[in-house]
Amino acid sequence: MESEMDSMGLNQVWTLVDPPKDAKPVGCKWVYKYKFRPDGEVTTFKVRLVVKGYTQRPGVNFEETYSPEAIAKSIWILLSIATWGYDFIKNKSNRCVYKKINGSSVVYLVLYVDDILLIRNDVKMLGDTKLWLSTQFSMKDMGEVSYILGIKIYRDRSRRILGMTQSSYIEKILKRFKMENSK
Numbered sequence: 001m002e003s004e005m006d007s008m009g010l011n012q013v014w015t016l017v018d019p020p021k022d023a024k025p026v027g028c029k030w031v032y033k034y035k036f037r038p039d040g041e042v043t044t045f046k047v048r049l050v051v052k053g054y055t056q057r058p059g060v061n062f063e064e065t066y067s068p069e070a071i072a073k074s075i076w077i078l079l080s081i082a083t084w085g086y087d088f089i090k091n092k093s094n095r096c097v098y099k100k101i102n103g104s105s106v107v108y109l110v111l112y113v114d115d116i117l118l119i120r121n122d123v124k125m126l127g128d129t130k131l132w133l134s135t136q137f138s139m140k141d142m143g144e145v146s147y148i149l150g151i152k153i154y155r156d157r158s159r160r161i162l163g164m165t166q167s168s169y170i171e172k173i174l175k176r177f178k179m180e181n182s183k
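Residue numbering for the sequence shown follows UniProt numbering, starting at 1 and increasing by one per position.
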């Protein structure tokens, strides 16, 4: 929890203010989650601070709706400003996808909450993009993607194969409904 609070402070996710004297602030709680490797092994324990939205009242604080996506909205705003300064173009059909084109080189930036996936056709441009992003906010380079959002990604560059599977997710669902031995 401490590292999450430090990260939110470092990335200026919010500004602390004193509530008005007649206001009753909406509470919050910590939600815990595991991050898994493609083989299903736990790699990290994630924690997220969320607002107890069910305590909000229409006409009082209902318009100020927050959800676990609050962090994503903060990052979207931050990245919108940041990427605009680095010549990224926001995708019109998906607000989480940006692209930067420089001649025949292209880098796509895909954003989901606090995960960033960079896809490129030019290694140098990718390195420059990572370097520039790291000057805009605190980030950790996890290397080449092998697992994201419950999807295992595998590739064989020599055979020019790129594949995706959700077999871990399917196995988890089958186990949940006691159908792991189904055919």
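Just so it is clear, CB atoms sit at the ideal spot from N, CA and C, and this is done for glycine as well.
In the DSSP assignment, the beta strand (DSSP E) including residue 164 goes from what residue to what residue? 161–165
Please report the straight-line C-alpha distance between residue 6 and residue 28, rounded to a whole angstrom. 17 Å
Judging by CA-CA distance, which residue of 104, 148, 177 and 151 is the nearest neighbour of residue 123? 104
Starting from the Cα of residue 111, find the closest Cα among 139, 127, 164 and 101 and give me that residue. 139
Using the Cα positions of residue 12 and residue 2, report the straight-line distance between them to the nearest angstrom. 15 Å
Spatial neighbours of residue 40 in its chain, beta-carbon cut-off 6 Å, leaving aside the 5 residues before and after: 168
Contiguous alpha helix (DSSP H) assignments of at least 4 residues, all confined to the UniProt domain "Reverse transcriptase Ty1/copia-type" (87–182): 123–136 and 167–176
Per-residue burial, residue 116 [other beta carbons within 10 Å of its own, 16 or more giving buried]: buried
Count the other C-beta atoms from every protein chain shown that fall within 10 angstroms of the C-beta of residue 107, then say buried if there are 16 or more, exposed otherwise. buried
Bridge partners - residue 44, DSSP secondary structure assignment: 35
Residue 88: buried (16+ other C-beta within 10 angstroms of its C-beta) or exposed? buried
Hey, out of 161, 118 and 134, whose CA is closest to residue 145's CA? 118
Pull up the CB-CB distance for residue 175 and residue 165, whole angstroms please, since I reckon it's below 8 Å. Wrong, their Cβ atoms sit about 17 Å apart, outside the cutoff.
Can you tell which of 86, 171, 53 and 172 has the C-alpha that lies nearest to the C-alpha of residue 136? 86
If I'm right that residue 125 touches residue 102 with Cβ under 8 Å, what's the distance once you round it to whole angstroms? 6 Å
Among 109, 42 and 155, whose alpha-carbon lies nearest the alpha-carbon of residue 100? 109
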